[in-house]
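Here the protein sequences come in this chain order: X and H. So the first sequence is residues 97 to 358, counted in the working numbering. So the second sequence is residues 440 to 819, counted in the working numbering. Data first, discussion second: the structure below is written as structure tokens.
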Amino acid sequence: MNIVVCVKQVPDTTEIKIDPVKNTLIREGVPSIVNPFDKNAIEQALQLKELYGGTVTAISMGPNQAKSSLRIALSMGADKAYLVTDRAFGGSDTYATSYILSKVIEKLGPFDVILGGIQAIDGDTGQTCTSIAEHMGVNRLSYVLDMKMDGDKVVVRRMVEEGVEIVESKLPILVTLTKVSNKPRYATIRGKIDSLKAEIEEIHLTDLPDMDTTKIGLKGSPTRVKATFTPKRQACGEIIELINPKDTAKALVGKLLEAKIL
Amino acid sequence: MSLMYSNEQKELIALVKEMAENEIKPFVQECDEKGECPRELFKPAFDMGLHMLEIPAEYGGTGLSYETTAMIFEELAKVDAGYAITLVTTFVALRNVILSGTPEQGKYFADVIGKGNFAGFALTEPNAGSDPAAMRGTAVKDGDDYIINASKTFITNGAIASLFVVFAKTKPEAGAKGISAFIVDADAPGIIVGNHENKMGLRLSNTTDLTLENVRVPASSMVGPEGSGFKLALNALNLSRAFVATLAVGIMQRALDEAVKYAKERKQFGEPLIKFQMVQQMLADMAIKTEASRVLVNNTMRLMDNGSLVRKEGSITKAFVSDCAQEVTSNAVQIFGGYGYSKEYPVEKLMRDCKVFQIFEGANQIQRMTIAGVLEKEYK
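See the structure below:
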């Protein structure tokens, strides 16, 4: 089974501060980490490899410093890592990024399984990975808990609001994972040392000849950011005073009927 | 940070710190209270290879230097020194079998440990502590086998080890030169594991009596030539002394971290404690002792990496560092005041944990005898 994992380097939001004037993230001096959900995707990739063999390839798009995220994927057990980097890719939104990554995956593939985190903790759009599937025309399942093969089909358990949904799909498939999917493993000491010495190949625009360059970079990005802001905390709701359980329940139902919720 | 860490060392320290904080720290208080050593707590350490860091790659280890291994173990000891010593004891036993045994013995031992198992060192007896040559345990030749009878005590990993290096006299009349070492499987018939010692500190670390009653081992399990057991034990102690000193540095650093943090938060007379000169002096002295200890340990590790037996340096390091640790942790409790004496706060445990560092691997009085002995020879 050939598996590719999309990995994003993000600022460690537990240490991030918001610029009170511009309402944007202060990124200076904030340490970078691997997007936590992507670690769940790496873990899923490694579990699939342990079960079905094959290789795990990690890819990331970003500047040279994003290589450190790929090294973490390698240290955990990924076999190969590629950094997708080019000035022409700068400023890409989720549409352009997913288009570029789909071309990279097609170039490095074919792959049976494409994995990624449900979203990145910096932008929180949750669009990039799923859009890759659209560009490539492959099946896609999000909020996945785990997956296993059954003959030539893959059986996927995914979280839905009401519970857990079990879905079968043919391969190839793109799957996004969440924090509850699994517990990402720690790198071994050997893996860590090897990852620090590993050569990480770069993929540039010139390596992707069939790319439609009108769809990439800032110019190829349809998204326009109107404003970024921290939502105001709003205290809302009404606390119904406890009279006795029966009357309180009645009062609550009355309110819900009034609001046309019931 | 007092040492010149390479990028690789920094990355490894950060990785182990992350693991220890997330996977071990939440359970430390409970393990300390119950005096338990839950095996599953060691799974992440085994998975990462922390029990085989300095073991050469041909034996399945990571092949790190002693220096880097020590840096990693300091990090583990900051979270729990008992956890760290469980692993140190394991790899010191393995390392000594590799050093003194045949390649087959080394491979056998390494294969068992590599799979995620512990090892122990059965040297001490109730009446043979600082004076191991006084041991009464015997190994008597019987055809192609030896039959071992011995009563061992304070055996680290006694109830959890899969393999032991057991010391017993093959020539009881020959004193120290009559001691031989054997590899003994923990499930060999005749091995009786005693109760877990109810210790003052390092309570996560498993310590038991170990009785060997007519334990039959093949002659091929003897490590090194007959009568070389005492030398092997001394070599093992040279190595473990340096490593326990590393753990003491970890305990000290933790005590300093906790004390400074507390001294900045705790206010009396309207000021944080750290603004008072008497507290400042205590904290500064704690930092001095911690830094000096770390540098001393680092130098000893580098000497060992260069093949030195560190007979004198190991003793100097162990005695100095463990004496410093006693003072530093005691002062951490002092700075915490009444809260420091409470088990609700982490520093009393550090003080309990580090006391044994003045005692085990040769009491500090014995270390000073060794140092003086070497000095006497050096100035001939």
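Yeah, the Cβ is synthetic: ideal placement off N, Cα and C, and Gly gets one too.
Practice item. Give the residues from the segment 282-296 of chain X that approach chain H closer than 8 Å (Cβ to any Cβ), ordered along the chain. Key: Y282, A283, T284, I285, R286, K288, I289, L292
Practice item. Just mark N98(X) as buried or exposed, buried being the case when its beta carbon has 16 or more other beta carbons within 10 Å. Key: Counting from 1 along the first sequence, the entry for residue 98(X) is found at position 2. N98(X) comes out buried.
Practice item. Evaluate contact between the segment 496-510 of chain H and the segment 548-568 of chain H, counting only Cβ atoms and requiring at least three cross-stretch pairs below 8 Å. Key: yes
Check your understanding: Start and end of the beta strand (DSSP E) containing P495(H)?
Key -> Looking up residue 495(H) in the second sequence gives position 56. Note, P495(H): premise wrong, no beta strand (DSSP E); not H, not E.
Point to revise | Cutoff 7 Å; reference K249(X); Cβ partners in own chain excluding five residues on either side | key: Position 153 of the first sequence, counted from the first residue, corresponds to residue 249(X). Cβ within range, chain order: E264, S265, K266.
Point to revise | Cross-strand partners of S619(H) (DSSP beta bridge) | key: By one-based count along the second sequence, residue 619(H) stands at place 180. Answer is A607(H), bridged to S619(H).
Check your understanding: In whole angstroms, what is the alpha-carbon distance linking N637(H) and K293(X)?
Key -> To locate residue 637(H), count along the second sequence from 1; it is residue 198. To locate residue 293(X), count along the first sequence from 1; it is residue 197. Each residue's Cα considered, the two are about 46 Å apart.
Exercise for review: Pair every Cβ in the segment 512-531 of chain H with every Cβ in the segment 444-460 of chain H, then say whether three or more of these pairs are closer than 8 Å.
Suggested key: yes
Practice item. In angstroms with no decimal places, state the Cα-to-Cα distance between G556(H) and Y282(X). Key: Here residue 556(H) corresponds to residue number 117 of the second sequence, with the count starting at 1. Here residue 282(X) corresponds to residue number 186 of the first sequence, with the count starting at 1. Just to set this straight, residue 556(H) is Asn in the shown sequence, not Gly. Cα to Cα, N556(H) sits roughly 19 Å from Y282(X).
Exercise for review: Taking only the alpha-carbon atoms, compute the straight-line gap between A829(H) and E146(X) and give it to the nearest angstrom.
Suggested key: The structure shown has nothing for residue 829(H), since chain H only spans 440 to 819.
Practice item. Consult DSSP for S569(H) and reduce its assignment to one of helix, strand or coil. Key: The count along the second sequence starts at 1 and reaches residue 569(H) at position 130. Coil, per DSSP.
Review point. Can a CB atom of chain X be found closer than 7 Å to the CB of L454(H)?
Key: On the second sequence, residue 454(H) is found 15 positions in, with the first residue counted as 1. Closer than 7 Å: yes.
Check your understanding: Of all the options A625(H), A572(H), I774(H), which has the alpha carbon lying nearest to the alpha carbon of I594(H)?
Key -> One-based indexing of the second sequence puts residue 594(H) at position 155. Nearest of A625(H), A572(H), I774(H) to I594(H), Cα basis: A625(H).
Exercise for review: Any chance you could list the beta strand (DSSP E) runs of at least 3 consecutive residues sitting entirely within the segment 116-168 of chain X, in chain order?
Suggested key: 128-130, 151-157
Exercise for review: Would you mind telling me which residues of chain X sit closer than 8 Å to G488(H), beta carbon to beta carbon, in chain order?
Suggested key: For the purposes of this step, residue 488(H) is taken as residue 49 along the second sequence, with counting starting at 1. Residues of chain X passing the Cβ test: T284, I285, R286.
Review point. For a contact meaning CB atoms closer than 8 Å, what does L492(H) contact in chain X?
Key: If you number the second sequence from 1, residue 492(H) lands on position 53. Correct list: I285.
Exercise for review: Starting from the beta carbon of M717(H), find every residue of chain X whose beta carbon is closer than 8 Å, and list them in chain order.
Suggested key: Here residue 717(H) refers to the residue found at position 278 of the second sequence. None at all; the shortest Cβ gap to chain X is about 35 Å.
Practice item. Confirm, please, whether the CB-CB distance from V455(H) to I537(H) is below 7 Å. Key: Mapped onto the second sequence, residue 537(H) falls at position 98. Mapped onto the second sequence, residue 455(H) falls at position 16. For I537(H) and V455(H), no; Cβs fall outside 7 Å.
Review point. Short check: CB of T314(X) to CB of K199(X), under 7 Å?
Key: Here residue 314(X) is taken as the residue at index 218 of the first sequence, counted from 1. Here residue 199(X) is taken as the residue at index 103 of the first sequence, counted from 1. According to the sequence shown, residue 314(X) is Leu rather than Thr. Result no, Cβ atoms of L314(X) and K199(X) do not sit closer than 7 Å.
Check your understanding: What residues of chain X sit near L451(H), judged by a beta carbon separation below 7 Å?
Key -> By 1-based counting over the second sequence, the position of residue 451(H) is 12. Near L451(H) (Cβ distances below 7 Å), the residues of chain X are I285, K288.
Review point. Quick one: Cα of I587(H) to Cα of A578(H), how far?
Key: Your numbering for residue 587(H) matches position 148 in the second sequence. Your numbering for residue 578(H) matches position 139 in the second sequence. Rounded to the nearest angstrom, the two C-alpha atoms are 4 Å apart.
**Study point:** Below-7 Å beta-carbon distance, T501(H) vs any chain X residue
**Key:** In the second sequence, residue 501(H) corresponds to position 62, counting from 1. True, the Cβ-Cβ gap to chain X drops below 7 Å.
Check your understanding: Using a C-beta cutoff of 7 Å, does P483(H) count as contacting chain X?
Key -> Position 44 of the second sequence holds residue 483(H). Interface residue, yes.
**Study point:** Length of the line joining the Cα atoms of A627(H) and V531(H)
**Key:** Translated into positions along the second sequence, residue 627(H) becomes position 188. Translated into positions along the second sequence, residue 531(H) becomes position 92. When rounded, the distance between both Cα atoms is 22 Å.
Practice item. Find the nearest neighbour of M232(X) within the set I339(X), K203(X), V276(X), judged by alpha-carbon distance. Key: The residue labelled residue 232(X) in the question sits at position 136 within the first sequence. Minimum Cα distance to M232(X) is reached at K203(X).
Point to revise | Any alpha helix (DSSP H) of 4 or more consecutive residues that is wholly inside the segment 651-732 of chain H | key: 668-704
Review point. Hey, out of E800(H), V734(H), I727(H), R807(H), whose CA is closest to M443(H)'s CA?
Key: As a working note, residue 443(H) is residue 4 in the second sequence. If we check each option's Cα against that of M443(H), V734(H) comes out closest.
Practice item. Please confirm if M740(H) has its CB atom under 7 Å from at least one CB of chain X. Key: Position 301 of the second sequence, counted from the start, is the residue given in the question as residue 740(H). By this cut-off, M740(H) is not an interface position.
Point to revise | Contacting residues, own chain, Cβ-Cβ under 8 Å from G186(X) (five flanking each side not counted) | key: Within the first sequence, the letter at position 90 stands for residue 186(X). So the list reads G313, L314, once near-sequence residues are dropped.
Review point. Given 8 Å as the limit, is there contact between the segment 713-724 of chain H and the segment 800-812 of chain H, that is, 3 or more CB pairs closer than that?
Key: no
Check your understanding: Whose C-alpha, out of N566(H), R750(H), E665(H), is nearest the C-alpha of G812(H)?
Key -> Within the second sequence, the letter at position 373 stands for residue 812(H). Measuring from the Cα of G812(H), the nearest candidate turns out to be R750(H).
**Study point:** Proximal chain X residues relative to M721(H), where beta-carbon distance stays under 7 Å
**Key:** Within the second sequence, residue 721(H) is the residue found at index 282, counting from 1. Near M721(H) there are no residues of chain X at all, since even the closest Cβ is about 31 Å away, more than 7 Å.
Check your understanding: Roughly how far, in whole angstroms, is the beta-carbon of P280(X) from the beta-carbon of I138(X), given that I think they are within contact range, below 8 Å?
Key -> In the first sequence, the residue the question calls residue 280(X) occupies position 184. In the first sequence, the residue the question calls residue 138(X) occupies position 42. Rounded, the Cβ-Cβ distance is 6 Å, consistent with contact.
Check your understanding: Going by alpha carbons, who is nearest to S227(X) out of G212(X), L241(X), F325(X), S165(X)?
Key -> Sequence index remark: in the first sequence, residue 227(X) carries index 131 (1-based). When only C-alpha atoms are compared, the closest one is G212(X).
**Study point:** Contiguous alpha helix (DSSP H) assignments of at least 4 residues, all confined to the segment 457-501 of chain H
**Key:** 464-473, 482-487
**Study point:** Cross-strand partners of C102(X) (DSSP beta bridge)
**Key:** Mapped onto the first sequence, residue 102(X) falls at position 6. Paired residue(s): I155(X).
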